[in-house]
Amino acid sequence: MRVQLTTVYLDWINALKDRTVRARIQVRVDRLVHGNAGRYRALTDGVSELKIDVGPDYRVYYTERGEELIVLLAGGDKSNQQKDIKTAIALARSL
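Once you know that position 69 of the sequence shown is 123 in our numbering, the rest is easy, because the numbers rise by one and skip nothing.
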């Protein structure tokens with residue numbers, strides 16, 4: 055399975071200062087790619103929220119395109135969850 059990253063996701067992940075947090079998020083993304091989503095929630099318009107229990111409860115928003123592609127749309131934490139969900143849904147609709 056291939057993974058595609060949006061610039062919104064890249065900007066978010068690269069802005070995280072804690073390398074350990076970035077590594078934990080990457081481990082969860084790797085598990086997702088291999089079919090183990092773990093804690094996640096389906097939202098709307100094909101967008102799902104991957105829940106990561108580290109720090110302020112980070113989230114990664116993604117969509118799947120067929121069986122071959124996962125698009126990482128955006129990321130955030132619990133404090134900005136509603137705004138991040140709206141951003142992710144808008145990005146998914148524009149793909």
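Glycine is no exception: its CB is placed at the ideal position from the N, C-alpha and C atoms.
Subject >> Other residues of its chain near residue 124: CB distance less than 7 angstroms, five sequence neighbours each side excluded >> reply: 55, 57, 86, 87, 116 and 118
Subject >> Reference residue 61; option with closest CA among 70, 127 and 113 >> reply: 127
Original post:
Nearest-angstrom Cα distance between residue 95 and residue 101?
Top reply: 9 angstroms
**OP:** Round the Cβ separation of residue 91 and residue 70 to the nearest angstrom and send it over; I've been treating them as touching at under 8 angstroms.
**Re:** The pair is not a contact, with the Cβ atoms about 21 angstroms apart (cut-off 8 angstroms).
Original post:
If we call anything under 8 angstroms between Cβ atoms a contact, is residue 109 one with residue 131?
Top reply: yes
**OP:** Compare the beta carbon distance of residue 143 and residue 112 with 8 angstroms and say whether it is the shorter of the two.
**Re:** no
Subject >> Cβ neighbour criterion (16 or more within 10 Å) applied to residue 98 >> reply: exposed
Original post:
Does the separation of the CB atoms of residue 73 and residue 67 fall below 8 angstroms?
Top reply: no
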